[in-house]
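Down below is the structure, laid out as structure tokens.
Numbering (this note's numbering), first residue to last: 30 to 247.
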């Protein structure tokens, strides 16, 4: 989401990186999305699922590939964003899905937000989780929200959450509801510090190449 709209929260329990693949496999085996929908976050209830019918071909391809997104290092809260996830594997899945579709892939850019935070020791995780879950459902309903991922706080209570959107405008629209306003109003009370970084993911024609760079422009 955009800087003023982006608010994320830490859930009560999140699997550590060494168990992430196992946790994702268990999640997918136990919870099935509604027909035509996609589980795009740790929240699995119907109101948190992405309606693939609302997306064009390229966005639907990326959303499906992003179900394989995982962190590849434990220090993602302090190290470069582009080196913290298995982007090559995700883009390999984009290529595979593109080929299987027989429809090609037109060059498309996507909007990414990385929310870097340090929570206060006094913060109640259950409260953070409730705020986050409500804001997530609101953002999904707004449209164009392709992926949401969050990690676990490190020993210094630093963490990373990231959102991948169809466009920056979708992110702005998704952050205007009452749940986001409530989360934004709680930020100073819950976090010792926070920073929002914005990126542009560009996937070239036929998914032949891709790049992630700092966001510039509208």
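No residue lacks a Cβ here, since even glycine has one placed at the ideal position from N, Cα and C.
Whole-angstrom C-beta distance between residue j and residue i, which should lie under 8 Å
i	j	result
residue 92	residue 81	7 Å
residue 243	residue 136	With 8 Å as the limit, residue 243 and residue 136 do not qualify as a contact, their Cβ atoms being about 19 Å apart.
residue 146	residue 223	4 Å
residue 96	residue 172	About 19 Å; that fails the 8 Å criterion.
residue 69	residue 162	That belief does not hold up - the Cβ atoms of residue 69 and residue 162 are roughly 14 Å apart, past 8 Å.
Separation of residue j from residue i, as counted between CA atoms
i	j	result
residue 237	residue 196	21 Å
residue 188	residue 72	18 Å
residue 109	residue 203	26 Å
residue 55	residue 67	Reliability of the predicted coordinates at residue 55 is poor, the pLDDT of 49 falling under 50, and the value obtained from them is presented with this limitation in mind. Going by the C-alpha atoms only, they are around 16 Å apart.
residue 190	residue 157	13 Å
residue 206	residue 168	8 Å
residue 235	residue 183	39 Å
residue 65	residue 166	17 Å
residue 98	residue 216	27 Å
Whether residue i touches residue j by CB criterion (8 Å)
i	j	result
residue 79	residue 144	no
residue 170	residue 212	no
residue 123	residue 148	no
residue 119	residue 192	no
residue 101	residue 88	no
residue 139	residue 201	no
residue 117	residue 105	no
Simplified DSSP assignment, three categories, for residue i
i	result
residue 80	strand
residue 236	helix
residue 243	strand
residue 67	strand
residue 155	helix
residue 92	helix
residue 146	strand
residue 130	helix
residue 105	coil
Length-filtered (4 minimum) alpha helix (DSSP H) runs lying within the segment 158-230 | 197-203 and 207-219
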